[in-house]
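In what follows, a single structure is set out as C-alpha coordinates and then discussed.
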Amino acid sequence: MRLTPRKEEVEAVKALLEDPTFESADQMAKAVIKEVASFLQMRDWTALVHTWADGRRGLNFAPFANESEARAFASKMAFGGTGRPVRLSSPGVMLANADGKKGWKGYCLNPECGHAPFTHSAATAARGACQIPTCPCGRFEK
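When we follow our numbering, the leftmost residue of the sequence shown carries the number 35, and every step to the right adds one.
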(Lines of atoms letter the chains of each structure in order from A and count residues from 1; the text may use other names and numbers.)
(Lines give C-alpha, C1' and ligand atoms only; values in the text may rest on other atoms or scores of the structure.)
Protein backbone atom coordinates (compact mmCIF):
# COMPACT_ATOMS: atom_id res chain seq x y z
CA MET A 1 0.00 0.00 0.00
CA ARG A 2 1.46 3.33 -1.07
CA LEU A 3 0.88 6.04 1.46
CA THR A 4 1.68 9.69 0.89
CA PRO A 5 1.74 11.60 4.18
CA ARG A 6 -0.24 14.83 4.15
CA LYS A 7 1.10 18.04 5.65
CA GLU A 8 -1.43 18.12 8.52
CA GLU A 9 -0.63 14.47 9.34
CA VAL A 10 3.11 15.16 9.52
CA GLU A 11 2.51 18.22 11.71
CA ALA A 12 0.32 16.24 14.15
CA VAL A 13 2.90 13.43 14.48
CA LYS A 14 5.73 15.96 14.91
CA ALA A 15 3.77 17.63 17.71
CA LEU A 16 3.49 14.28 19.49
CA LEU A 17 7.19 13.50 19.02
CA GLU A 18 8.17 16.90 20.41
CA ASP A 19 5.72 16.77 23.33
CA PRO A 20 7.73 16.75 26.60
CA THR A 21 4.80 15.53 28.73
CA PHE A 22 5.14 11.85 27.81
CA GLU A 23 6.57 9.88 30.73
CA SER A 24 7.82 6.99 28.62
CA ALA A 25 8.59 5.93 25.07
CA ASP A 26 5.69 3.44 25.34
CA GLN A 27 3.21 6.26 26.01
CA MET A 28 4.55 8.25 23.06
CA ALA A 29 4.47 5.21 20.75
CA LYS A 30 0.84 4.47 21.68
CA ALA A 31 -0.13 8.09 21.05
CA VAL A 32 1.59 8.10 17.64
CA ILE A 33 -0.08 4.81 16.61
CA LYS A 34 -3.51 6.10 17.64
CA GLU A 35 -2.94 9.38 15.77
CA VAL A 36 -1.81 7.62 12.57
CA ALA A 37 -4.76 5.21 12.80
CA SER A 38 -7.11 8.21 12.99
CA PHE A 39 -5.51 9.61 9.80
CA LEU A 40 -5.92 6.32 7.95
CA GLN A 41 -9.55 6.15 9.06
CA MET A 42 -10.11 9.51 7.32
CA ARG A 43 -8.99 8.19 3.91
CA ASP A 44 -10.96 6.40 1.23
CA TRP A 45 -9.41 3.12 0.09
CA THR A 46 -9.86 0.61 -2.73
CA ALA A 47 -10.46 -3.11 -2.43
CA LEU A 48 -9.87 -5.72 -5.11
CA VAL A 49 -13.01 -7.91 -5.22
CA HIS A 50 -12.45 -11.31 -6.84
CA THR A 51 -14.85 -13.86 -8.34
CA TRP A 52 -13.81 -17.39 -9.37
CA ALA A 53 -14.41 -18.48 -13.00
CA ASP A 54 -17.45 -20.56 -11.93
CA GLY A 55 -19.07 -17.49 -10.35
CA ARG A 56 -18.34 -18.28 -6.69
CA ARG A 57 -17.15 -15.51 -4.42
CA GLY A 58 -13.41 -15.37 -4.45
CA LEU A 59 -10.57 -13.70 -2.63
CA ASN A 60 -10.86 -10.05 -1.64
CA PHE A 61 -7.83 -7.86 -0.96
CA ALA A 62 -7.57 -4.43 0.66
CA PRO A 63 -6.56 -1.78 1.37
CA PHE A 64 -5.07 -0.16 -1.70
CA ALA A 65 -4.53 3.59 -1.88
CA ASN A 66 -6.22 3.82 -5.29
CA GLU A 67 -7.63 1.84 -8.20
CA SER A 68 -4.37 1.73 -10.16
CA GLU A 69 -2.56 0.19 -7.20
CA ALA A 70 -5.25 -2.51 -6.95
CA ARG A 71 -4.99 -3.22 -10.70
CA ALA A 72 -1.19 -3.40 -10.51
CA PHE A 73 -1.47 -5.95 -7.68
CA ALA A 74 -4.00 -8.00 -9.68
CA SER A 75 -1.70 -8.04 -12.73
CA LYS A 76 1.09 -9.61 -10.64
CA MET A 77 -1.12 -12.38 -9.22
CA ALA A 78 -2.45 -15.44 -11.03
CA PHE A 79 -5.62 -16.40 -9.16
CA GLY A 80 -7.91 -17.12 -12.12
CA GLY A 81 -11.39 -15.72 -12.33
CA THR A 82 -12.02 -11.99 -12.46
CA GLY A 83 -11.35 -9.10 -10.16
CA ARG A 84 -12.50 -5.52 -10.01
CA PRO A 85 -11.55 -2.58 -7.85
CA VAL A 86 -14.21 -1.24 -5.48
CA ARG A 87 -13.99 2.06 -3.63
CA LEU A 88 -14.29 1.81 0.15
CA SER A 89 -15.69 4.99 1.67
CA SER A 90 -14.04 6.22 4.82
CA PRO A 91 -15.95 5.60 8.05
CA GLY A 92 -13.82 8.31 9.67
CA VAL A 93 -15.04 10.98 7.26
CA MET A 94 -18.66 9.99 7.83
CA LEU A 95 -18.19 10.13 11.60
CA ALA A 96 -16.29 13.41 11.38
CA ASN A 97 -19.06 14.95 9.30
CA ALA A 98 -21.48 14.16 12.13
CA ASP A 99 -19.21 14.64 15.16
CA GLY A 100 -16.75 17.19 13.77
CA LYS A 101 -13.03 16.81 13.15
CA LYS A 102 -11.62 19.94 14.70
CA GLY A 103 -8.50 21.31 13.03
CA TRP A 104 -8.62 18.81 10.15
CA LYS A 105 -8.07 20.21 6.67
CA GLY A 106 -11.40 20.50 4.88
CA TYR A 107 -13.38 21.04 8.07
CA CYS A 108 -14.52 24.26 9.70
CA LEU A 109 -11.73 25.64 11.87
CA ASN A 110 -14.16 27.34 14.25
CA PRO A 111 -13.20 25.76 17.62
CA GLU A 112 -16.88 25.15 18.41
CA CYS A 113 -17.59 23.39 15.10
CA GLY A 114 -15.17 21.25 13.05
CA HIS A 115 -17.84 19.99 10.61
CA ALA A 116 -17.32 19.61 6.86
CA PRO A 117 -17.97 22.63 4.60
CA PHE A 118 -21.07 21.06 3.01
CA THR A 119 -22.79 21.01 6.41
CA HIS A 120 -22.73 24.83 6.35
CA SER A 121 -25.62 26.71 4.80
CA ALA A 122 -25.38 28.48 1.48
CA ALA A 123 -28.78 30.14 2.02
CA THR A 124 -28.69 33.94 2.27
CA ALA A 125 -30.04 34.39 5.80
CA ALA A 126 -28.01 31.53 7.31
CA ARG A 127 -24.97 31.73 5.01
CA GLY A 128 -22.02 29.99 6.61
CA ALA A 129 -23.90 28.67 9.65
CA CYS A 130 -23.54 24.98 10.40
CA GLN A 131 -26.72 23.02 9.72
CA ILE A 132 -26.01 20.30 12.30
CA PRO A 133 -28.71 21.06 14.91
CA THR A 134 -26.45 20.56 17.94
CA CYS A 135 -23.62 22.76 16.60
CA PRO A 136 -23.30 26.30 18.01
CA CYS A 137 -21.17 27.48 15.06
CA GLY A 138 -22.04 30.96 13.82
CA ARG A 139 -20.19 30.73 10.48
CA PHE A 140 -17.76 28.59 8.53
CA GLU A 141 -14.09 29.42 9.07
CA LYS A 142 -11.37 28.29 6.69
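Virtual Cβ for every residue (Gly too), placed ideally from N, Cα, C.
Give me, in chain order, the residues of the same chain whose beta-carbon lies closer than 7 Å to that of residue i; leave out the 5 immediate sequence neighbours on both sides.
i: SER123; result: ASP78
May I have the straight-line CA-CA distance separating residue i from residue j, to the nearest angstrom?
i: GLU42; j: ASP88; result: 47 Å
i: PRO39; j: LEU82; result: 23 Å
i: THR55; j: THR85; result: 51 Å
i: CYS164; j: PHE113; result: 49 Å
i: THR116; j: CYS171; result: 49 Å
i: VAL44; j: GLY162; result: 29 Å
i: VAL127; j: LYS135; result: 9 Å
i: PHE98; j: MET111; result: 15 Å
i: HIS154; j: GLN61; result: 37 Å
If you follow the alpha helix (DSSP H) that residue i is part of, which residue opens it and which one closes it?
i: LEU51; result: 41–51
CB of residue i to nearest heavy atom of the ligand ADP: below 7 Å?
i: TRP138; result: For the ligand ADP, the structure offers nothing, since it holds no ligand at all.
Please classify residue i: is it buried, with 16 or more other beta-carbons within 10 angstroms of its beta-carbon, or exposed?
i: THR80; result: buried
What residues in its chain sit with their C-beta under 8 Å from that of residue i, if we drop five residues either side in the sequence?
i: PRO125; result: GLN75
i: SER72; result: GLY126
In chain order, which alpha helix (DSSP H) runs of at least 4 residues are fully inside the region 74–143?
101–110 and 125–133
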